[in-house]
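Q: Numbering (my numbering), first residue to last: 647 to 1012.
I have a structure here, written as structure tokens, and I will follow up with some questions on it.
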């Protein structure tokens, strides 16, 4: 049986060291950790004289990367956990082998605690594959409790979703009739309209975010400048948008897809997703209108991925070639990469934790 002695914990000194060590594992399952770090080192925060700290941890078995946990300093976004597609069988096991998840978590939790002392509560939310995230937070909670720190799940900050990706091999043929709603790459001239779309998008999320116009403009501007925002027009007016990010050498992520309520059920979201997928995967006809001819500024990619919590939206993405599985009752079928035969999706969890200030049962009994 595999034990913690077969594994090793690594703390990377800086983002470039992490990206160099993990470049062979650059796939959609690793996009949260690798892609967010690429975004971070391209940001003004990293270029500052004193950039905020980053936390970059990993568990290996030999040269096999099993788990990565990262957090980019200066942001309130969740800590991220990723596992490469090649690690799934190693972690979960097979009919003839024992999985390495339990010993990996048993090594990861105390190693991370040693790195975060004296402030372990800086790890306040975690997103990643469902099973490893739950296993880590269970071990983390028990470990902190043994140090006299009690934490609990923050029920208002927990979400489930599924992650999948599309490749050239999984793309479906484009429709015989082009969408009547042009999908165009945004420029600085479109920022005001895009800010309004972003404000509406945030209000439409499960957390009903409230964003000011100035904050929306500040958020959108760098993404537009990087050529990573596309929108659809109805009667000449922007009706929906797609925002891309977490760009790596091999992958790119769809981070936002939003259509105004009045323009839903017109095929706009599907047209936008299909168009940008074909464009970044270099699969003409693209069905979008870029600002310049030739390849994207970030280059063509091998995979485009997204994270979705709405089964209805998932069906839209499947029609664009994303490799979400089919579900028949409790039976899950499909969802395999046509090139590798590997599972091409995973269940994701975003779990928030907070300090438990309620009296412990032991104290209540005294």
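C-beta: ideal position from N, C-alpha, C; glycine also.
If you're wondering where the values come from, they're calculated on a predicted model, not measured in any experiment.
#1: Going straight from the alpha carbon of residue 660 to that of residue 764, what length do you get?
#2: Which same chain residues end up closer than 8 Å to residue 896 when comparing Cβ atoms and leaving out the 5 residues on each side of it in sequence?
#3: Note down, in chain order, each residue of its chain lying with its Cβ closer than 6 Å to the Cβ of residue 677, except the 5 sequence neighbours on either side.
#4: Is it buried or exposed for residue 919, if we count other Cβ within 10 angstroms and need 16 for buried?
#5: Can you check which of these residues, 717, 770, 923 and 658, is closest to residue 999 by C-alpha distance?
#6: Would you mind stating whether residue 961 and residue 817 have Cβ atoms separated by less than 9 Å?
#7: With distances taken from CA atoms, which of 699, 868 and 737 is nearest residue 627?
#8: For residue 653 versus residue 790, is the C-beta distance shorter than 9 Å?
#9: In or out: residue 990 buried (at least 16 other Cβ within 10 Å) or exposed?
#10: Leaving out five residues on either side along the sequence, give the residues of the same chain with a beta carbon under 8 Å from the beta carbon of residue 761.
#11: Within the continuous alpha helix (DSSP H) that includes residue 631, where are the two ends?
#12: At what residues does the alpha helix (DSSP H) containing residue 800 begin and finish?
#13: Do you know whose CA, among 986, 766, 780 and 802, lies nearest residue 793's CA?
#14: Pick from 815, 705 and 741: whose alpha carbon is nearest that of residue 756?
#15: Who are the Cβ neighbours of residue 868 in its own chain at under 7 Å, not counting the five residues just before and after it?
#16: Counting only runs of 3+ residues fully inside the stretch 764 to 823, write out the beta strand (DSSP E) ranges in chain order.
#17: In chain order, what are the residue ranges of uninterrupted alpha helix (DSSP H) at least 4 long that sit wholly in the stretch 649 to 686?
#18: Could you spell out where the alpha helix (DSSP H) holding residue 753 opens and where it closes?
#19: As a quick exercise: from 665, 810, 915 and 693, pick the residue whose alpha carbon is nearest that of residue 681.
#20: Tell me the rounded alpha-carbon separation between residue 780 and residue 969.
#21: Compute the distance between the beta-carbons of residue 713 and residue 778, then report whether it is under 9 Å.
#22: Going by CA-CA distance only, name the one from 775, 751 and 810 that's closest to residue 782.
#23: Whose C-beta lies closer than 8 Å to the C-beta of residue 879 among residues of the same chain, with five residues either side of it excluded?
#24: Does DSSP classify residue 738 as helix, strand or coil?
A: So, from the data block:
#1: Counted from its first residue, the chain shown places residue 660 at position 14. Counted from its first residue, the chain shown places residue 764 at position 118. Answer to the nearest angstrom: the Cα atoms are 21 Å apart.
#2: Taking the first residue of the chain shown as position 1, residue 896 is located at position 250. Excluding sequence positions up to five before and after residue 896, its CB lies within less than 8 Å of the CB of 672, 673, 947, 948 and 949, all in the same chain and listed in chain order.
#3: Here residue 677 is taken as the residue at index 31 of the chain shown, counted from 1. Excluding sequence neighbours, residue 677 sits near 892, 897, 899 and 951.
#4: On the chain shown, residue 919 is found 273 positions in, with the first residue counted as 1. Answer is buried; the Cβ neighbour count reaches 16.
#5: Reading the chain shown from its first residue, position 353 is the one you call residue 999. For the residues 717, 770, 923 and 658, the minimum Cα distance to residue 999 belongs to 770.
#6: Counted from its first residue, the chain shown places residue 961 at position 315. Counted from its first residue, the chain shown places residue 817 at position 171. In this structure, residue 817 does not lie closer than 9 Å to residue 961 by Cβ.
#7: Only positions 647 to 1012 of the chain appear in this structure, which leaves residue 627 out of reach.
#8: Looking up residue 653 in the chain shown gives position 7. Looking up residue 790 in the chain shown gives position 144. Against a cut-off of 9 Å, the Cβ pair of residue 790 and residue 653 comes out as no contact.
#9: Counted from its first residue, the chain shown places residue 990 at position 344. Under a 10 Å Cβ-count criterion, residue 990 is classified as buried, with 16 or more other Cβ atoms of the shown protein chains found around its own Cβ.
#10: Indexing the chain shown from 1 puts residue 761 at position 115. Counting only Cβ-Cβ distances below 8 Å, and skipping sequence neighbours, we find 657, 701 and 703.
#11: An answer regarding residue 631 cannot be provided, because it is not within the stretch 647 to 1012 covered by the chain.
#12: Sequence index remark: in the chain shown, residue 800 carries index 154 (1-based). Here residue 800 belongs to no alpha helix (DSSP H), and DSSP marks it neither H nor E.
#13: For this step, residue 793 is matched to residue 147 along the chain shown. Considering only alpha carbons, the answer is 766.
#14: Here residue 756 corresponds to residue number 110 of the chain shown, with the count starting at 1. Nearest of 815, 705 and 741 to residue 756, Cα basis: 705.
#15: Counting from one through the chain shown, the residue named residue 868 turns up at place 222. The beta carbon of residue 868 sits closer than 7 Å to no other beta carbon from its chain once the five residues preceding and following it are set aside.
#16: Counting only unbroken stretches of 3 or more residues, the beta strand (DSSP E) elements lying wholly within the stretch 764 to 823 are 771 to 775, 797 to 799 and 805 to 812, in sequence order.
#17: For secondary structure counted as the alpha helix (DSSP H) over 4 or more consecutive residues, the stretch 649 to 686 holds these complete runs in sequence order: 661 to 668.
#18: Taking the first residue of the chain shown as position 1, residue 753 is located at position 107. Counted as a single uninterrupted DSSP element, the alpha helix (DSSP H) harbouring residue 753 occupies residues 747 to 762.
#19: One-based indexing of the chain shown puts residue 681 at position 35. It is 665.
#20: Taking the first residue of the chain shown as position 1, residue 780 is located at position 134. Taking the first residue of the chain shown as position 1, residue 969 is located at position 323. Approximately 24 Å, taken between the alpha carbons.
#21: Taking the first residue of the chain shown as position 1, residue 713 is located at position 67. Taking the first residue of the chain shown as position 1, residue 778 is located at position 132. Contact: yes.
#22: Here residue 782 corresponds to residue number 136 of the chain shown, with the count starting at 1. Scanning 775, 751 and 810 for the CA closest to the CA of residue 782 turns up 751.
#23: Here residue 879 corresponds to residue number 233 of the chain shown, with the count starting at 1. Result list for residue 879: 827, 828, 830 and 885, in chain order.
#24: Taking the first residue of the chain shown as position 1, residue 738 is located at position 92. Residue 738: helix per DSSP, three-state reduction.
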